[in-house]
Amino acid sequence: MKSVWFVLKENLTNFNRILSISKYETLADYRESRLGVLWSVFNPLIQIFTYWIAFGLIMRKGSPATSPTGVGISYLPWMVVGITVWFFVSPCITKGCNAIYAKRNIITKMKFPISILPATVVFKELFNHIVMMLVVVALLVVRGHMPNMLWLQVFYYMFCAVCLTISLGMVTSVLNMFTRDVKKLISACMRMLMYLSPILWPITDVLANSNALVRSLEPVIKLNPLYYVIEGYRGSIFYHDPVTMHPAQTLYFWCVVIGLYVVGSILMYKFKHKFIDML
Amino acid sequence: MAKEIVVAFEHVDKVYTLQDKKKRWFGERKKFYALRDINFSITKGSIVGILGTNGSGKSTLSNILAGISYPTKGNVTIVGEQALIAIKAGMNDQLTGIENIKMKGALLGLSKKHINEIIEDVIAFAELGDFIYQPVKKYSSGMKSRLGFSISIALDPEILIVDEALSVGDKAFAAKCMEKMFELRDSGKTIFFISHSISQVREFCEQGIWIEGGELRMQGTVNEVADAYEKYVEEYKALSKEEQKKQKAKIMAGRTTK
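Protein chains in written order, with this note's numbering: chain A, 1333 to 1611; chain B, -2 to 255.
Quick look at the structure:
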């Protein structure tokens, strides 16, 4: 319990430090190329275009996606919202596990609160995500999806994604200090995670057209905490689902987050004096 | 009245495990004492020179002093904020000089207000002219060191650890750094000064600590310690190559255990 409070306190008292570090790192990234910030929009757009051709036009022949409640949504905007979440969560997970190791030249040279490092990675990605979400919202409005109050729930799900990835980063970044194989393992699993999450294919449609064996996997797919976040974004924007509609999933999601956070804090606290000697 | 003790080491050990020639997964690994049973205490406002040959444990000691590394055994008490003057840490090549000042300030946990207060001083001290608005990748190595030193020195911690930091830049800048160090010394800071230049240590420090083979050889006034250290180095130099090797091996054997 002491470790949880210690890590929580270290993160809260250093909140400004977390934001400034992510700000200057983002700035440094943009400086590396001539077009800078534009790449954080271009790059996803090119990928979206590719997936739209492959999945929307070729595999699904332009048929709309169906929500779990039976609402039909045109595939492209449906997929864009899901994949925008993925473009946020995915780098948080892969870079989060390297959060401590990547800063080895800082933690060996100055006294530094190491437990804030996973959060700095996530907040850095959050800047990009917010820019990306603004573009997405603009595109949705152009296509005739009128904003309403339920869209504000996106901020709640954004908060969920932030908590989830920080907690996960706490665990993986410490484990990655023992052996860099953790990072390799995680990058290898990311593609799998992408296809197991409802990003490119609507779970309702796929399950409706599959045999009993695949259908029996439905609860397993819903165990993925990303399911809650991604469907949450879509629920708010397309299906008009209020947050209160899924109490069991909400409870499950927060249990996972808190569980990861507790494990991460214990690891952080236990090894905080040992990281330097592991390098 | 006795002065307040700000740094105290009690029976401090720092042990690293060594990898054997053959990788072993089970059983005891060899241990290496980077520091063994170090005891000393330093009062507020002391200027302490730390001497020792290469690999004697000076850097391990300075890392523990700076709160970066922690002892394996024993107690370290430090009263007040301490900072290691780390010139190259936390610099980003893509960012400009000004942005680097702000970024390093943020890394060190300074508030925006505090950073804005010191930024003018840092710019003035670094003497980089218009280069302060250029990305650091365009700097010469001397300019980088100057910027790094200027940021570190502006932080104003109560306990300063200077590890070979003054060998930066040209003579004029080194002199300016030294002048700044004297200024800090006179303002009552506690300073640990780690350098191979015995003359610099003699000039700057009042007390001396000599570490050899991970153990505390001597603590006393700077001239006492520096004399003894100099004598030791002279004696070592006078030995034949084989005898030097033997002595090194002996020290090494004393520091490793099964």
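Backbone N, C-alpha and C define an ideal beta-carbon position, used for all residues, glycine too.
Model, not experiment: these values are computed from the prediction.
Below-8 Å beta-carbon distance, residue i vs any chain A residue
i: S108 (chain B); result: yes
i: Y130 (chain B); result: no
i: Y67 (chain B); result: yes
i: E96 (chain B); result: yes
i: M(-2) (chain B); result: Any reading at M(-2) (chain B) needs caution, since the residue's pLDDT is 48, under 50, leaving its predicted position unreliable; the model's value is listed next. For M(-2) (chain B), the answer is no, since every Cβ of chain A falls outside 8 Å of its Cβ.
i: M100 (chain B); result: yes
i: Q16 (chain B); result: no
i: N89 (chain B); result: yes
i: Y136 (chain B); result: no
i: A151 (chain B); result: no
i: G64 (chain B); result: yes
i: Y233 (chain B); result: no
i: L144 (chain B); result: no
Bounding residues of the beta strand (DSSP E) (the contiguous stretch that carries residue i)
i: R214 (chain B); result: 212 to 218
i: D34 (chain B); result: 27 to 40
i: T14 (chain B); result: 2 to 15
i: V45 (chain B); result: 44 to 48
i: F190 (chain B); result: 187 to 191
i: A80 (chain B); result: 79 to 81
i: K1441 (chain A); result: Where K1441 (chain A) is concerned, there is no enclosing beta strand (DSSP E), given that its DSSP letter is neither H nor E.
i: I75 (chain B); result: 70 to 75
Residue-chain proximity (residue i, chain B), Cβ-Cβ < 8 Å
i: V1595 (chain A); result: no
i: H1605 (chain A); result: yes
i: M1522 (chain A); result: no
i: R1363 (chain A); result: yes
i: I1432 (chain A); result: no
i: R1349 (chain A); result: yes
i: Y1559 (chain A); result: no
i: K1443 (chain A); result: yes
i: A1360 (chain A); result: yes
i: S1613 (chain A); result: Past the edges of chain A, shown from 1333 to 1611, lies residue 1613 (chain A), and the structure says nothing about it.
i: Y1356 (chain A); result: yes
i: N1437 (chain A); result: yes
i: D1609 (chain A); result: yes
i: T1511 (chain A); result: no
i: S1352 (chain A); result: yes
Cβ pair residue i, residue j closer than 8 Å
i: T1536 (chain A); j: P1423 (chain A); result: no
i: S53 (chain B); j: I208 (chain B); result: yes
i: I1353 (chain A); j: I1531 (chain A); result: no
i: I39 (chain B); j: T187 (chain B); result: yes
i: A83 (chain B); j: K1441 (chain A); result: yes
i: V73 (chain B); j: F6 (chain B); result: yes
i: I1498 (chain A); j: A1451 (chain A); result: yes
i: I1608 (chain A); j: I1380 (chain A); result: no
i: Q1581 (chain A); j: Y1560 (chain A); result: yes
i: A1431 (chain A); j: V1453 (chain A); result: yes
i: F29 (chain B); j: V12 (chain B); result: yes
i: K70 (chain B); j: D10 (chain B); result: yes
i: M1502 (chain A); j: S1597 (chain A); result: yes
i: V1612 (chain A); j: Y1565 (chain A); result: Because chain A spans 1333 through 1611 in this model, residue 1612 (chain A) falls outside it and cannot be assessed.
i: A123 (chain B); j: S138 (chain B); result: no
i: E96 (chain B); j: Y1356 (chain A); result: yes
i: L81 (chain B); j: S59 (chain B); result: yes
Boundaries of the alpha helix (DSSP H) in which residue i is found, first to last residue
i: E203 (chain B); result: Here E203 (chain B) belongs to no alpha helix (DSSP H), and DSSP marks it neither H nor E.
i: A1540 (chain A); result: 1535 to 1540
i: F1510 (chain A); result: 1485 to 1510
i: K177 (chain B); result: 168 to 183
i: K55 (chain B); result: 55 to 62
i: N1460 (chain A); result: 1449 to 1474
i: A1520 (chain A); result: 1513 to 1528
Neighbour-count burial assignment, residue i, 16 or more Cβ in a 10 Å radius
i: D118 (chain B); result: exposed
i: M(-2) (chain B); result: Any reading at M(-2) (chain B) needs caution, since the residue's pLDDT is 48, under 50, leaving its predicted position unreliable; the model's value is listed next. That one is exposed.
i: I150 (chain B); result: buried
i: Q204 (chain B); result: buried
i: L144 (chain B); result: buried
i: D183 (chain B); result: exposed
i: D1573 (chain A); result: buried
i: M88 (chain B); result: buried
i: E180 (chain B); result: exposed
i: H8 (chain B); result: exposed
i: F189 (chain B); result: buried
i: Q79 (chain B); result: buried
(Q) Going residue by residue through the stretch 131 to 165 of chain B, where are the continuous alpha helix (DSSP H) segments of at least 4 residues, counting only ones entirely within it? (A) Segments of the alpha helix (DSSP H) lying fully in the stretch 131 to 165 of chain B: 138 to 150.
Q.
Which runs of the alpha helix (DSSP H) at least 4 residues long sit entirely within the stretch 1365 to 1423 of chain A? Give them in chain order.
A. Within the stretch 1365 to 1423 of chain A, the complete alpha helix (DSSP H) runs of at least 4 residues are 1371 to 1383.
Q.
Threshold first: 4 residues or longer. Then list the alpha helix (DSSP H) segments lying entirely within the stretch 1535 to 1611 of chain A, N to C.
A. Whole alpha helix (DSSP H) segments, 4+ residues: 1535 to 1540, 1544 to 1547, 1550 to 1555, 1557 to 1566, 1579 to 1603, 1607 to 1610.
Q: Please list the segments of the alpha helix (DSSP H) lying wholly inside the stretch 98 to 132 of chain B, counting only runs of 4 or more residues, in order along the chain.
A: As far as the stretch 98 to 132 of chain B is concerned, its whole alpha helix (DSSP H) runs of at least 4 residues are 109 to 123.
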